[in-house]
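In this note's numbering, the protein residues as written are 181 to 784.
Beta carbons: idealized from backbone N, C-alpha and C, even for Gly.
As the structure is a prediction and not an experimental result, all values here were calculated from the model.
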Amino acid sequence: MKSGIDHDGMIRRYRAWPSLPAMFFDQAGRLKDRPVFAARCSGRFEPMSWRTAADQVTALASSLRGIGIGPGDRVALLSENRPEFAIAELAVMASGGIAVPAYATNTVQDNLFILQNSGAKAAIVSTHALMERLLPAAESSGCCHTLIAIEPWPRAQTADVRVLSWAALLEQGAQGPVHSWVAELTRADTACIIHTSGTGGAPKGVMLSHGAILSNCMGAYEILRELGLGDDVFLSFLPLSHSYEHMAGQFFPLSIGAKIYYAEGVESLVQDMAEVHPTIMTAVPRLYEVMQRRILSHVERETPLARFLFHKTVELGARRYEAKEPLTFAERLADRALDLLVRRKIRRRFGGRLKAFVSGGAPLPYEIGLFFTALGVCLLQGYGQTEAAPVVTVNPPKDNRIATVGRPLQGVEVEIAWDGEILVRGELVMQGYWRDQAASEAAIKGGWLHTGDIGIQDSDGYITITDRKKDIIVNSGGDNISPLRVEGRLTLEPEIAQAVVYGDRRPYLVAVVVPDADFAKSFAAARGKDAGALGADPEFHRALGAAVDRANKTLPQIEHVRRFLIANEPFTIENGMMTPTLKARRHKIRERYGEKLESLYGGG
181 MKSGIDHDGM
191 IRRYRAWPSL
201 PAMFFDQAGR
211 LKDRPVFAAR
221 CSGRFEPMSW
231 RTAADQVTAL
241 ASSLRGIGIG
251 PGDRVALLSE
261 NRPEFAIAEL
271 AVMASGGIAV
281 PAYATNTVQD
291 NLFILQNSGA
301 KAAIVSTHAL
311 MERLLPAAES
321 SGCCHTLIAI
331 EPWPRAQTAD
341 VRVLSWAALL
351 EQGAQGPVHS
361 WVAELTRADT
371 ACIIHTSGTG
381 GAPKGVMLSH
391 GAILSNCMGA
401 YEILRELGLG
411 DDVFLSFLPL
421 SHSYEHMAGQ
431 FFPLSIGAKI
441 YYAEGVESLV
451 QDMAEVHPTI
461 MTAVPRLYEV
471 MQRRILSHVE
481 RETPLARFLF
491 HKTVELGARR
501 YEAKEPLTFA
511 ERLADRALDL
521 LVRRKIRRRF
531 GGRLKAFVSG
541 GAPLPYEIGL
551 FFTALGVCLL
561 QGYGQTEAAP
571 VVTVNPPKDN
581 RIATVGRPLQ
591 GVEVEIAWDG
601 EILVRGELVM
611 QGYWRDQAAS
621 EAAIKGGWLH
631 TGDIGIQDSD
641 GYITITDRKK
651 DIIVNSGGDN
661 ISPLRVEGRL
671 TLEPEIAQAV
681 VYGDRRPYLV
691 AVVVPDADFA
701 KSFAAARGKD
711 AGALGADPEF
721 HRALGAAVDR
731 ANKTLPQIEH
741 VRRFLIANEP
751 FTIENGMMTP
761 TLKARRHKIR
771 ERYGEKLESL
781 YGGG
């Protein structure tokens, strides 16, 4: 498919844009009254044009200068995904400030850490619920004395913090020399501080330059233009405070002139996809696992014929992709017929126009990638980290090797160190950790970012991640074990929703598992038992044990999980066991279950 975007012109613009606000205003001048953002209002998506968005960015940037935000000042952003997030961030940058996105799931204590760590002078907050968790943090911070409320805040001002109205600032924002402020920005200036998700401890503030994010956008464009970019629609639902969605769901679509629709949440995703008809979506592997479960659950309620056709589609599609044995002539005909009977229906579930899902943020289990590929859904796995703005590699659509994380983006150098660690160099690399010189020097040596990930690179440049340096379990026999690999295999079993394995310096692996909610409910109903008391039920434990045994059969002996315990509750963002991007917080899970996990080693 031929791209609807002038490729040479696009590359020239990427290289010429000196900053993210410069990119935005350039696109707004070109696209004017075309829609750029859309969010639900009174049950329907209401569009906002590039012109309107640019006017709001200009007015807010001018008002920010008017209330004392100057070059280098940090401004925190606490908001769910909505047009105002992008407008606020671009306005902060246009005023010369540095944006500090924060997760909407943050507690008061989390917000206090972000404000104090960044030294934020002000913060922009969307809803009343988020204000309730930000205002006490601001009052205690000693640095954040101004809050800007997107939704009107009816309470009186406090002695330590003034609350200003978003609407009033937009209205009174004098048309100051915003474009001259933007012209002073360079690619080397710090655009934002994005805090790591804290899977292993306290988050660190990653300083990313305008050039780092722009170079990431250009690399993504070079890979994804194979899809035929032009008049694209993105559906944004991952937190924009996470570096992955921040680039891939916000700045990249802005850079190619796409429209961004904002989903209200994972619960409304199916409805939103049917209404919006997205062309590109980004998500973390956990969501694709949930999608697979829902598809399979739906299939099990179909007629025997429909179930047979579906599973035949997956079987033939997987065999065709893996090419272990060529399809016979009759099978090729059947596969084409199933494209119409099954795969077309699956594509309709995703809106009917989807060119690709892009997976990042954590390793994608091969079986999940193969499942969607077999169903005719393009699922491109990539790899990166916040410290690299964040994308380092991604699979190209025309040569998608789902067992790998793809090839380095254009302008990105990758080397494999003597111990297998992946090293990255290029404009995408962070400027360092905010106020943490020692950690910065440990992460960047000689211009190379030391990722902490272990991998191999083949002759075509494709990278396979084999381990995470910090997460490797070394058992008492000296064997290195990747917990992510074992956990990924466990959660492929339909009875297990989540799992974390344990066993450093121990003779074998044990695990804490979270049962699948639907499985637990049906198990309890079939036996007249209380679903809330299954954790202590021996029969239920044996049923989960059978699932663990099936997973073990697919793993080498040293990766077998010998014993396990059942979690008291699912790992969630709310209970602190997961990050906002749905990765397990291992240290928190060890704090909760460590004693019980150790007890599993009793008696050998």
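How would you label G708, buried or exposed, when you count the other beta carbons within 10 angstroms and need 16 or more for buried? Position 528 of the sequence shown, counted from the start, is the residue given in the question as residue 708. Flag for G708 reads exposed.
Counting Cβ pairs, one atom from each stretch, are 3 or more of them under 8 Å apart for the region 219 to 234 and the region 306 to 322? The region 219 to 234 vs the region 306 to 322: no contact.
In whole angstroms, what separates the C-alpha of P198 from that of S435? Mapped onto the sequence shown, residue 198 falls at position 18. Mapped onto the sequence shown, residue 435 falls at position 255. Rounded to whole angstroms, P198 to S435 spans 13 Å at the Cα level.
Since G549 and I582 are thought to touch, with beta carbons under 8 Å apart, how far apart are those beta carbons, to the nearest angstrom? Translated into positions along the sequence shown, residue 549 becomes position 369. Translated into positions along the sequence shown, residue 582 becomes position 402. Confirmed, Cβ separation roughly 4 Å.
Please classify F744: does DSSP put it in a helix, a strand, or coil? For the purposes of this step, residue 744 is identified with residue 564 of the sequence shown, where counting begins at 1. The answer is strand: DSSP assigns F744 an E or B state.
May I have the straight-line CA-CA distance separating M228 from G437, to the nearest angstrom? Position 48 of the sequence shown, counting from 1, holds the residue named residue 228. Position 257 of the sequence shown, counting from 1, holds the residue named residue 437. Answer to the nearest angstrom: the Cα atoms are 13 Å apart.
Since R210 is in the alpha helix (DSSP H), which residue starts that stretch and which ends it? For this step, residue 210 is matched to residue 30 along the sequence shown. From DSSP, the alpha helix (DSSP H) with R210 extends over 200 to 211.
In terms of residue numbering, what span does the beta strand (DSSP E) encompassing I602 cover? What you label residue 602 is simply residue 422 of the sequence shown in a count that begins at 1. 601 to 605 is the extent of the beta strand (DSSP E) around I602.
Cβ shell of S183 (< 7 Å), same chain only, five flanking positions each side left out: Indexing the sequence shown from 1 puts residue 183 at position 3. Caution applies to S183, whose pLDDT of 45 falls short of 50 and renders its modelled position unreliable; the value that the coordinates give is listed next. Same-chain partners within the cutoff: R405, G408, L409, G410.
Near V413, what residues of its chain come up, given a Cβ to Cβ distance below 7 Å and the 5 sequence neighbours on each side ignored? The count along the sequence shown starts at 1 and reaches residue 413 at position 233. Result list for V413: A438, K439, Y441, V456, H457, P458, T459, in chain order.
Is it true that the CB of V694 sits closer than 8 Å to the CB of A747? The count along the sequence shown starts at 1 and reaches residue 747 at position 567. The count along the sequence shown starts at 1 and reaches residue 694 at position 514. A contact, by the Cβ cut-off of 8 Å.
Going by Cα to Cα distance, which pick from I267, I393, I304 is closest to V609? The residue you call residue 609 lines up with position 429 of the sequence shown. Answer by Cα proximity: I393.
In the structure shown, what three-state DSSP assignment does K504 receive? Stepping through the sequence shown from its first residue, residue 504 is reached at position 324. Three-state result, K504: coil.
Roughly how many angstroms lie between the CA atoms of A711 and D696, to the nearest whole one? Along the sequence shown, read from residue 1 onward, the residue named residue 711 stands at position 531. Along the sequence shown, read from residue 1 onward, the residue named residue 696 stands at position 516. Going from the Cα of A711 to the Cα of D696 covers about 12 Å.
With distances taken between CB atoms, is the gap from C372 to V280 smaller than 8 Å? Locating residue 372 in the sequence shown gives position 192, counting from the first residue. Locating residue 280 in the sequence shown gives position 100, counting from the first residue. Yes, these two residues count as a Cβ contact at 8 Å.
What distance in whole Å lies between the Cβ atoms of L415 and D369, which are believed to be in contact at a cut-off of 8 Å? By one-based count along the sequence shown, residue 369 stands at place 189. By one-based count along the sequence shown, residue 415 stands at place 235. Contact check for D369 and L415: beta-carbon distance about 31 Å, past the 8 Å limit, so the pair fails to qualify.
For A705, count the other beta carbons within 10 Å of its own beta carbon; 16 or more makes it buried, fewer makes it exposed. Which is it? One-based indexing of the sequence shown puts residue 705 at position 525. The residue in question, A705, is exposed, as its Cβ has fewer than 16 Cβ neighbours within 10 Å.
So F414 is in the beta strand (DSSP E); what residue range does that whole segment cover? For the purposes of this step, residue 414 is identified with residue 234 of the sequence shown, where counting begins at 1. Run containing F414: 413 to 416, per the beta strand (DSSP E) assignment.
Using 8 Å as the Cβ pair cut-off and three pairs as the minimum, do the region 249 to 265 and the region 291 to 302 touch? yes
Using three-state DSSP, classify I191 as helix, strand or coil. The residue labelled residue 191 in the question sits at position 11 within the sequence shown. It is helical.
Out of I185, Q337, V571, state which residue places its alpha-carbon closest to the alpha-carbon of G429. Indexing the sequence shown from 1 puts residue 429 at position 249. Across the set I185, Q337, V571, the C-alpha of V571 shows the shortest separation from the C-alpha of G429.
Span of the beta strand (DSSP E) holding M461? The sequence position of residue 461 within the sequence shown is 281, counting from 1. 460 to 463 is the span of the beta strand (DSSP E), which, as asked, contains M461.
8 Å Cβ cutoff met for F530 and A463: Indexing the sequence shown from 1 puts residue 530 at position 350. Indexing the sequence shown from 1 puts residue 463 at position 283. Going by C-beta atoms, F530 is not nearer than 8 Å to A463.
Is Q236 helix, strand or coil by DSSP? Position 56 of the sequence shown, counted from the first residue, corresponds to residue 236. Reduced to three states, the DSSP call for Q236 is helix.
Continuous alpha helix (DSSP H) assignments of at least 4 residues falling wholly in the region 306 to 348: Segments of the alpha helix (DSSP H) lying fully in the region 306 to 348: 308 to 321.
For a minimum of 3 consecutive residues, which ranges assigned as the beta strand (DSSP E) are wholly contained in the region 656 to 719? 676 to 682, 689 to 695
Under the rule that 16 or more other beta-carbon atoms within 10 Å means buried, what is K578, buried or exposed? Numbered from 1 along the sequence shown, position 398 holds the residue referred to as residue 578. When all chains shown are included, K578 counts as exposed.
May I ask you to report which of helix, strand or coil DSSP gives E749? Taking the sequence shown and counting its residues from 1, the one referred to as residue 749 is at position 569. E749 falls in the coil class under three-state DSSP.
Reference I294; option with closest CA among A764, L420, H375: Locating residue 294 in the sequence shown gives position 114, where the first residue counts as 1. Nearest option by C-alpha distance: H375.
Can you check DSSP and say which residues form a bridge with G562? In the sequence shown, counting from the first residue as 1, residue 562 sits at position 382. Beta-bridge pairing links G562 to V574.
Threshold first: 3 residues or longer. Then list the beta strand (DSSP E) segments lying entirely within the region 416 to 461, N to C. Complete beta strand (DSSP E) runs here, min 3: 439 to 442.
Bridge partners for M471 per DSSP, in chain order? To locate residue 471, count along the sequence shown from 1; it is residue 291. Partner residues in a beta bridge of M471, as assigned by DSSP, do not exist.
I need the straight-line Cα distance from H422 to Y283, nearest angstrom please. Taking the first residue of the sequence shown as position 1, residue 422 is located at position 242. Taking the first residue of the sequence shown as position 1, residue 283 is located at position 103. Cα atoms of H422 and Y283: separation of roughly 8 Å, rounded to the nearest angstrom.
Environment of L485 [buried if 16+ CB atoms lie within 10 Å]: Indexing the sequence shown from 1 puts residue 485 at position 305. When all chains shown are included, L485 counts as exposed.
Rounded to the nearest angstrom, what separates N732 and L689 at their Cα positions? Within the sequence shown, numbered from 1, the residue matching residue 732 stands at position 552. Within the sequence shown, numbered from 1, the residue matching residue 689 stands at position 509. Going from the Cα of N732 to the Cα of L689 covers about 11 Å.
Confirm, please, whether the CB-CB distance from V680 to R766 is below 8 Å. Within the sequence shown, the letter at position 586 stands for residue 766. Within the sequence shown, the letter at position 500 stands for residue 680. Cβ distance < 8 Å, so R766 and V680 count as in contact.
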